[in-house]
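**Student:** Sending over a structure as structure tokens; questions will come in a sec.
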Amino acid sequence: MVYGIIELINFAHGEVYMIGAFVALIVASVLTMAGFTGPAVLALAMVFAIIYSGAYGFTVEKIAYKPLRHAPRLSPLISAIGMSIFLQNYVLLVQTPDFLPFPNLIPELEFLDPISHIFSSNDLAILSITTLSMVALVLFVKYTRMGKAMRATSQDRTMSTLVGIPINKVISTTFVIGSTLAAIGAVLIASFMQQINFYIGFVAGIKAFTAAVLGGIGSIPGAVLGSLILGLTESFATGYIRSDYEDVFAFALLVIILIFRPAGLLGKTKTQKV
Amino acid sequence: MLRVLDIHTYYGNIQALKGVTIEVAEGEIITLIGANGAGKTTTLMSISAVVPPRSGEILFKGKPITKLSPEKIVGMGISQAPEGRRIFPGLTVLENLDMGAFLRKDKAGIKEDLDYVLDLFPILAERQGQAGGTLSGGEQQMLAISRALMARPQLLLLDEPSLGLAPIIVQRIFDIIRKINSEHGTTIFLVEQNANLALQVSHRGYVMENGVITMQDTAANLAANEEIKKAYLGI
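Sequence lines, in order, name chains U and S. My numbering puts the first residue of the first sequence at 26, with every later residue one more than the last. My numbering puts the first residue of the second sequence at 117, with every later residue one more than the last.
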């Protein structure tokens, strides 16, 4: 999404995700110590993760990308990598280099008990919240004025300013929305994996980028499809061959797709009329 | 209404405008003619603040607008249909028009103007759900003018509306430019290479060469001027 609008791979996106997970962990721990349980902890942890991640995403854009808006394309890319390394090390220093246990915040649903070995509450939560977020995002981008302005900005930035679209605001909004989604993902995945460290964002970022390229960069349903295919490939590779080969297969798939369909599965090949 | 006073505009180190002064009165159609690279588009882009001038001043209804952001300028009532049309290719015709009214909040007024432009260019009503990038050149030009009108401008900047279009479409577009001016009282600042047609619809004209204004007069006098005839009218 961010790539679509400013044509920049936001390497710090993974770090925003990781920070979301840390914030959720801190909030959840405090609440648990205060005696709260159940969905309230999940909801509050999620809300705080979203607020913090949103603020980080907003700030990263203002500090690292906005001053470089008119610079050659390589400069913001380097600045993005720098931001990513900076945030990783910041968390490493102020928190810990070790893995931290993350509580499973998703309450067990009783009606899923009989089939919980194949489809757990976690699975249900991840599946439903992801679907919900994707539908909400697609509707937002398609029908709201801000959404239309985002698409307009990604298609022709100069023209967007000529019709009066405040593009700085549009770009900030895009970063905040992207970061919000990262925070939601972080809380869900951390609950599922039950451990986090300062490095999870980097891995998640690379995987998310792979999935986005696989599905067609800039396409929201494409990103979801890409993630699904990537996840299945990894699981099958782990199951049938060896778990060590998980990443090898994931990236081999990426290479194959890029050779035969460079625009990605659902990506549009750009046709330009002159 | 609009006073451009001695503006100097640069692209990096290259000076494109070397002291341009233009005045546009309310209700007028004025035209700026000149060869390729004379600085016509740059003049419009300076007014819209996309390429702000390095020195000089631009006044709109007596207020300086030189230091404002492009969106503020649209908000004050200056909108532009730029060179090359620049339709948002992935947005539908209706969405393109809606973006033209981005800064407006008056729903009823927007609807009114939408009906007005669809009435001016009925073909756009037929194509309303289609992506902008799939329209023909003439339809895109109509959409670009309509999108600029959706801001309900007091001053409409049109950059080369005839570029690359069939003569019959060009004629139709110029008829409508005249109609917008006479019916709505919208002031129009036209930039054209098709000097012949531009001088026919305009009240006054300016001639630009290498970033400076070399001549200004009523459109009729310019059309009768021997030098202009030779250089721009091909007679």
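Positions of the beta carbon are idealized from the N, C-alpha and C atoms, including for glycine.
At what residues does the alpha helix (DSSP H) containing residue 285 of chain U begin and finish?
**Tutor:** Here residue 285 of chain U corresponds to residue number 260 of the first sequence, with the count starting at 1. Looking at the DSSP string, the run of the alpha helix (DSSP H) that includes residue 285 of chain U is 271-285.
**Student:** Between which two residues does the alpha helix (DSSP H) carrying residue 108 of chain U extend?
**Tutor:** What you label residue 108 of chain U is simply residue 83 of the first sequence in a count that begins at 1. Segment 99-119, the alpha helix (DSSP H) holding residue 108 of chain U.
**Student:** So is residue 191 of chain S in contact with chain U if we call contact Cβ pairs under 8 Å?
**Tutor:** Position 75 of the second sequence, counted from the start, is the residue given in the question as residue 191 of chain S. Yes - at least one Cβ of chain U is within 8 Å of the one on residue 191 of chain S.
**Student:** What does a CB cutoff of less than 7 Å around residue 131 of chain U pick up in its chain, not counting 5 residues either side in sequence?
**Tutor:** Residue mapping note: residue 131 of chain U aligns to position 106 of the first sequence, counting from 1. Once the five neighbours on either side are set aside, the close Cβ partners of residue 131 of chain U are 67, 146, 147, 150 and 216.
**Student:** Could you spell out where the beta strand (DSSP E) holding residue 187 of chain S opens and where it closes?
**Tutor:** In the second sequence, counting from the first residue as 1, residue 187 of chain S sits at position 71. From DSSP, residue 187 of chain S is part of no beta strand (DSSP E) but of the alpha helix (DSSP H) over 186-192.
**Student:** Which first and last residues belong to the beta strand (DSSP E) in which residue 224 of chain U is found?
**Tutor:** Within the first sequence, numbered from 1, the residue matching residue 224 of chain U stands at position 199. Note, residue 224 of chain U: premise wrong, no beta strand (DSSP E); not H, not E.
**Student:** Classify residue 287 of chain S: buried if its beta carbon has 16 or more other beta carbons within 10 angstroms, exposed otherwise.
**Tutor:** Here residue 287 of chain S refers to the residue found at position 171 of the second sequence. Looking at its Cβ environment, which holds fewer than 16 other Cβ atoms inside 10 Å, residue 287 of chain S is exposed.
**Student:** So residue 87 of chain U contacts chain S; which residues on that side make the cut at Cβ distance below 9 Å?
**Tutor:** Taking the first residue of the first sequence as 1, we reach residue 87 of chain U at position 62. Going along chain S, no residue has its Cβ under 9 Å from residue 87 of chain U, so there is no contact; the nearest lies around 17 Å.
**Student:** Using a cut-off of 8 Å between C-beta atoms, extract the partners of residue 187 of chain S located in chain U.
**Tutor:** The sequence position of residue 187 of chain S within the second sequence is 71, counting from 1. Neighbours of residue 187 of chain S on chain U, chain order: 186, 189, 190 and 191.
**Student:** Tell me where the beta strand (DSSP E) around residue 320 of chain S begins and ends.
**Tutor:** Along the second sequence, read from residue 1 onward, the residue named residue 320 of chain S stands at position 204. Where residue 320 of chain S is concerned, the enclosing beta strand (DSSP E) stretches over 320-325.
**Student:** Residue 298 of chain U CB to nearest chain S CB: under 8 Å?
**Tutor:** Along the first sequence, one-based indexing puts residue 298 of chain U at 273. Residue placement at residue 298 of chain U cannot be trusted, given a pLDDT of 46 that sits under 50; what the coordinates show is reported in the next sentence. At least one chain S Cβ lies under 8 Å of residue 298 of chain U.
**Student:** I'd like to confirm the pairing. Which residues does DSSP put opposite residue 197 of chain S in its beta bridges?
**Tutor:** On the second sequence, position 81 is the one that residue 197 of chain S refers to. Answer is S:274, bridged to residue 197 of chain S.
**Student:** Please state whether the Cβ-Cβ distance between residue 130 of chain S and residue 321 of chain S is less than 8 Å.
**Tutor:** As a position in the second sequence, residue 130 of chain S is number 14, starting the count at 1. As a position in the second sequence, residue 321 of chain S is number 205, starting the count at 1. Going by C-beta atoms, residue 130 of chain S is not nearer than 8 Å to residue 321 of chain S.
**Student:** Excluding sequence positions up to five away, which residues of its chain have a Cβ less than 8 Å from the Cβ of residue 56 of chain U?
**Tutor:** Walking along the first sequence from the start, residue 56 of chain U turns up at place 31. Same-chain partners within the cutoff: 65, 66, 69 and 70.
**Student:** Do the stretch 200-213 of chain S and the stretch 340-348 of chain S touch if we need at least three Cβ pairs shorter than 8 Å?
**Tutor:** No contact exists between the stretch 200-213 of chain S and the stretch 340-348 of chain S.
**Student:** Any beta carbon of chain S sitting closer than 8 Å to that of residue 173 of chain U?
**Tutor:** Here residue 173 of chain U refers to the residue found at position 148 of the first sequence. Answer yes: the Cβ-Cβ gap between residue 173 of chain U and chain S drops below 8 Å somewhere.
**Student:** Assign residue 95 of chain U to one of two classes, buried (16 or more other C-beta atoms within 10 Å of its C-beta) or exposed (fewer than that).
**Tutor:** Counting from one through the first sequence, the residue named residue 95 of chain U turns up at place 70. Its Cβ having fewer than 16 others within 10 Å, residue 95 of chain U is exposed.
**Student:** Would you please state the rounded distance, in angstroms, between the beta carbons of residue 279 of chain U and residue 238 of chain U? I believe it to be under 8 Å.
**Tutor:** Against the first sequence, residue 279 of chain U aligns to sequence position 254. Against the first sequence, residue 238 of chain U aligns to sequence position 213. Right, their Cβ atoms sit about 6 Å apart.
**Student:** So, under 8 Å CB-CB, residue 205 of chain U and residue 78 of chain U are touching, yes? Tell me the CB distance rounded to an integer number of Å.
**Tutor:** As a working mapping, residue 205 of chain U is identified with position 180 in the first sequence. As a working mapping, residue 78 of chain U is identified with position 53 in the first sequence. Confirmed, about 7 Å.
**Student:** Let me confirm a value: residue 142 of chain U is counted as buried when at least 16 other C-beta atoms fall within 10 Å, else exposed. Which label applies?
**Tutor:** As a position in the first sequence, residue 142 of chain U is number 117, starting the count at 1. Classification of residue 142 of chain U: exposed, given that the 10 Å Cβ count is below 16.
**Student:** What does residue 96 of chain U reach in chain S if we use C-beta pairs closer than 7 Å?
**Tutor:** Taking the first sequence and counting its residues from 1, the one referred to as residue 96 of chain U is at position 71. Within 7 Å Cβ-Cβ: nothing; residue 96 of chain U doesn't reach chain S, min ~14 Å.
**Student:** Less than 6 Å between C-beta atoms, sequence neighbours within five positions excluded: which residues of the same chain meet that for residue 331 of chain S?
**Tutor:** Position 215 of the second sequence, counted from the first residue, corresponds to residue 331 of chain S. If we look at residue 331 of chain S and ignore the five residues flanking it on each side, its Cβ neighbours are 323.
**Student:** Give me, in chain order, the residues of the same chain whose beta-carbon lies closer than 8 Å to that of residue 246 of chain U; leave out the 5 immediate sequence neighbours on both sides.
**Tutor:** Working through the first sequence from its first residue, we reach residue 246 of chain U at position 221. Excluding residues within five positions, the ones whose Cβ falls inside 8 Å are 159, 163, 240 and 291.
**Student:** Within a Cβ cutoff of 8 Å, which residues of the same chain sit near residue 341 of chain S, ignoring the five residues on either side of it in sequence?
**Tutor:** As a first step, residue 341 of chain S must be located in the second sequence, where it is residue number 225. Excluding sequence neighbours, residue 341 of chain S sits near 331 and 333.
**Student:** Using beta-carbon positions only, say whether residue 146 of chain S and residue 318 of chain S come within less than 8 Å of one another.
**Tutor:** Indexing the second sequence from 1 puts residue 146 of chain S at position 30. Indexing the second sequence from 1 puts residue 318 of chain S at position 202. Yes, these two residues count as a Cβ contact at 8 Å.
**Student:** Our contact map puts residue 40 of chain U next to residue 102 of chain U with C-beta atoms below 8 Å; I'd like the distance itself, whole angstroms only.
**Tutor:** For the purposes of this step, residue 40 of chain U is taken as residue 15 along the first sequence, with counting starting at 1. For the purposes of this step, residue 102 of chain U is taken as residue 77 along the first sequence, with counting starting at 1. Not confirmed; about 15 Å, so no contact.
**Student:** Could you compute how far the alpha carbon of residue 177 of chain U sits from the alpha carbon of residue 249 of chain S?
**Tutor:** In the first sequence, residue 177 of chain U corresponds to position 152, counting from 1. In the second sequence, residue 249 of chain S corresponds to position 133, counting from 1. Their Cα atoms are separated by approximately 12 Å.
**Student:** State the start and end residues of the unbroken beta strand (DSSP E) segment that holds residue 132 of chain S.
**Tutor:** By one-based count along the second sequence, residue 132 of chain S stands at place 16. Counting along the chain, the beta strand (DSSP E) containing residue 132 of chain S begins and ends at 130-140.
**Student:** Reducing DSSP to helix, strand and coil, say where residue 307 of chain S ends up.
**Tutor:** Looking up residue 307 of chain S in the second sequence gives position 191. Correct three-state label for residue 307 of chain S: strand.
**Student:** Return the bridge partner residues of residue 173 of chain S from the DSSP annotation.
**Tutor:** Taking the first residue of the second sequence as 1, we reach residue 173 of chain S at position 57. In DSSP, residue 173 of chain S forms a bridge with S:121.
**Student:** Can you give me the start and stop residues for the alpha helix (DSSP H) that residue 254 of chain S sits inside?
**Tutor:** If you number the second sequence from 1, residue 254 of chain S lands on position 138. Here the alpha helix (DSSP H) through residue 254 of chain S covers 253-265.
**Student:** Quick check on DSSP: helix, strand or coil for residue 207 of chain U?
**Tutor:** The residue given as residue 207 of chain U occupies position 182 in the first sequence. Residue 207 of chain U falls in the helix class under three-state DSSP.
**Student:** At the level of alpha carbons, what is the spacing between residue 319 of chain U and residue 265 of chain U?
**Tutor:** Residue 319 of chain U cannot be examined here, being either before or after the span of chain U that is shown, 26 to 299.
**Student:** Quick one, which of U:60, U:153, U:127 and U:120 has its alpha-carbon nearest residue 50 of chain U's?
**Tutor:** The sequence position of residue 50 of chain U within the first sequence is 25, counting from 1. It is U:127 whose Cα lies nearest to the Cα of residue 50 of chain U.
**Student:** Here's the rule: buried if 16 or more other CB atoms are within 10 angstroms of the residue's CB, otherwise exposed. What is residue 140 of chain U?
**Tutor:** As a position in the first sequence, residue 140 of chain U is number 115, starting the count at 1. That one is exposed.
**Student:** For residue 215 of chain S, count neighbouring C-beta atoms within 10 Å of its own C-beta (all shown protein chains included) and say buried if the count is 16 or more, exposed if not.
**Tutor:** In the second sequence, counting from the first residue as 1, residue 215 of chain S sits at position 99. Counting Cβ neighbours within 10 Å, residue 215 of chain S comes out buried, since at least 16 surround it.
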